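Read left to right, the sequence shown gives residues 97 to 534 (our numbering). In this text, a Cβ means the ideal position worked out from N, Cα and C, and glycines have one as well. Please read these numbers as outputs of a predicted model, since none were measured by experiment. Single-structure report; data block below.
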Amino acid sequence: MSRPPAPPSDRAPGPVPGTEDARTDAGRRAAEASGEASGISPTGQPRASSGLAPHSRKPAEGSPSPATPESSAAIPGTPHQRASVSGPASALAPSPAPAPNATPTSTGASPDRTGAPAAPPEAPIPLLDRLASGAFLGLVGVLRLLPYPQRIAAMGWIFAHIAGPLAGWRRRIRANLALASPELTRAEVRRLTRAVPDNAGRALMEIYAGTAFTARVTATDPLEGPGLPVLEQAAAAGRPVILACAHFGNYDAMRAALAARGWPVGALYRPMNNRAFNRHYIPAIEAIAKPLFPRAGRGGLAAMIRFLRQGGMLCLGFDQYDRHGATLRFFGLPTETVLTPAELALKYHAPLVPIAGIRQPDGLSFRVRVGAPVPPGTPQAMMQALNDDLESLVAAHPDQWFWVHRRWKNLAPPGSGPAAPGPLEPPGPAIPADPDPR
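Below is the structure:
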């Protein structure tokens, strides 16, 4: 059996925020697509006009079609791309018709029906990415021959003892624990350097277990906690909810539990760098619950805002370093934290509710903890409350949080440099790129 591809260290299908310009463009595009230019900030204060007017242009459709959980078929097509137009008004005027015998100048792309150049074809997927994806699917296929408990445990062992060490995860976990929990003994640190990758491997294999996984999660309703009545009331009233999620336990167990209630559960995700892997990974997570919204591109942001305004429950991550975020505290240490979940909750009058799928001692079952809603306030105060809530959860279950992320990147702990790259990343929520969703 070939070794599985090593996972990268820095992110899950969650996000590394983009540049300032990218964030500004993302916020502007989301506002345009949602048809809003209210001029009011998320905290209720007037803001300067952005000059954005609502429009009726319909965003491109064509999200990946759901696939059966046990299928590894590729999702069809590539994302729609819209040609950008800039320059003076005269540049928008039709070009003169060419002479009858003139040879047209090649632009590298065939024009569409409007005369605008079509999007260039997507670059071929690198051979190594295709080989890595194929090796992973081969491993999954072999593990599927085992009974459910054994296949989940086997992938956990592979991540704990092969994939994690090859990717440098143990070094990163030790560095982060030295910062956040210096009181831990050497034996406790050693246990966590194996238990954290084990949980990540189990979570990934559970996604590819399809209905065997979701049926186990929903066999008995796992939802509990002080925030559950808030979700029930919001669902009955068609009111939007922001679900604050971390890379903890199994994020998709939470999505499966909510979807089993018949509630509309949407999630923002960031496609992995390995496009060959996306062709089977995205249909697998979409089979658990949908809709899914890609973090990149105008269409995904527009659809996400539309879903939220229509009363959906939207899962957003918040537990990764965001260099454009506010400096808040986590485990007593300063770290940059995204504000978008709180800002969206204030803007759309949605409860901001922390939620987590907690793996049980048997390693296979889950309870889904729905925390108390965060009281409205400033975005900074609301996100600090989420950091505090997650800190208490991680303290109780330190092996279930993904300690590999560079959460305290600003402190540059020893051994926290980039780990070995690879095509696989642990499943989890995406952090929005734009902290000011106007």
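Since residue i sits in a beta bridge, which residues does DSSP pair it with?
| i | result |
| --- | --- |
| residue 337 | 409 |
Grouping DSSP H, G and I as helix and E and B as strand, with all else coil, what is residue i?
| i | result |
| --- | --- |
| residue 396 | helix |
| residue 232 | helix |
| residue 497 | strand |
| residue 342 | coil |
| residue 320 | strand |
| residue 363 | strand |
| residue 157 | Because residue 157 sits at a pLDDT of 42, beneath the cut-off of 50, its placement in the model cannot be relied upon, and the following sentence gives the value as read from the coordinates. Residue 157: coil per DSSP, three-state reduction. |
| residue 482 | helix |
| residue 325 | helix |
| residue 242 | coil |
| residue 388 | strand |
| residue 347 | helix |
| residue 504 | coil |
| residue 295 | helix |
| residue 374 | helix |
| residue 43 | For the chain, the structure presents residues 97 to 534; residue 43 sits outside this window and is missing. |
| residue 353 | helix |
| residue 221 | coil |
| residue 383 | coil |
| residue 130 | Its pLDDT being 42, under 50, residue 130 is placed unreliably in this model, and the value from its coordinates should be taken loosely. Three-state result, residue 130: helix. |
| residue 251 | helix |
| residue 315 | coil |
| residue 488 | helix |
| residue 302 | helix |
| residue 358 | coil |
| residue 261 | helix |
| residue 272 | helix |
To which residues of the same chain is residue i closer than 7 Å at the C-beta, ignoring the five residues directly before and after it?
| i | result |
| --- | --- |
| residue 313 | 349, 352, 353 and 462 |
| residue 494 | 288 |
| residue 370 | 225, 228, 229 and 519 |
| residue 239 | 247, 250, 251 and 301 |
| residue 310 | 352 and 384 |
| residue 457 | none |
Taking the alpha-carbon positions, what's the residue i to residue j distance?
| i | j | result |
| --- | --- | --- |
| residue 83 | residue 364 | What the structure shows of the chain is the stretch from 97 to 534, and residue 83 is not part of that stretch, so it cannot be assessed. |
| residue 389 | residue 440 | 16 Å |
| residue 373 | residue 221 | 10 Å |
| residue 341 | residue 482 | 9 Å |
| residue 469 | residue 437 | 12 Å |
| residue 84 | residue 366 | Residue numbering for the chain in the displayed model covers 97 to 534; residue 84 lies beyond these limits and cannot be assessed. |
| residue 321 | residue 448 | 14 Å |
| residue 383 | residue 285 | 36 Å |
| residue 343 | residue 297 | 13 Å |
| residue 459 | residue 497 | 14 Å |
| residue 278 | residue 427 | 11 Å |
| residue 501 | residue 488 | 18 Å |
| residue 472 | residue 445 | 9 Å |
| residue 316 | residue 356 | 10 Å |
| residue 281 | residue 244 | 34 Å |
| residue 290 | residue 257 | 7 Å |
| residue 368 | residue 393 | 14 Å |
| residue 234 | residue 455 | 26 Å |
| residue 442 | residue 242 | 47 Å |
| residue 270 | residue 506 | 17 Å |
| residue 308 | residue 396 | 29 Å |
| residue 464 | residue 453 | 4 Å |
| residue 292 | residue 265 | 9 Å |
What does a CB cutoff of less than 6 Å around residue i pick up in its chain, not counting 5 residues either side in sequence?
| i | result |
| --- | --- |
| residue 236 | 304 |
| residue 272 | 499 |
| residue 253 | none |
| residue 485 | 450 and 467 |
| residue 504 | 275, 429 and 431 |
| residue 490 | 497 |
Can you name, in chain order, every residue of its own chain whose Cβ lies under 8 Å from the Cβ of residue i, other than the five neighbours on each side?
| i | result |
| --- | --- |
| residue 359 | 327, 331 and 409 |
| residue 324 | 466 |
| residue 362 | 386, 387, 388, 389, 400, 403, 404, 408, 409, 410 and 411 |
Which runs of the alpha helix (DSSP H), 4 residues or longer, sit entirely within the stretch 407-480? The DSSP assignment places complete alpha helix (DSSP H) segments of no fewer than 4 residues inside the stretch 407-480 at 436-443, in order along the chain.
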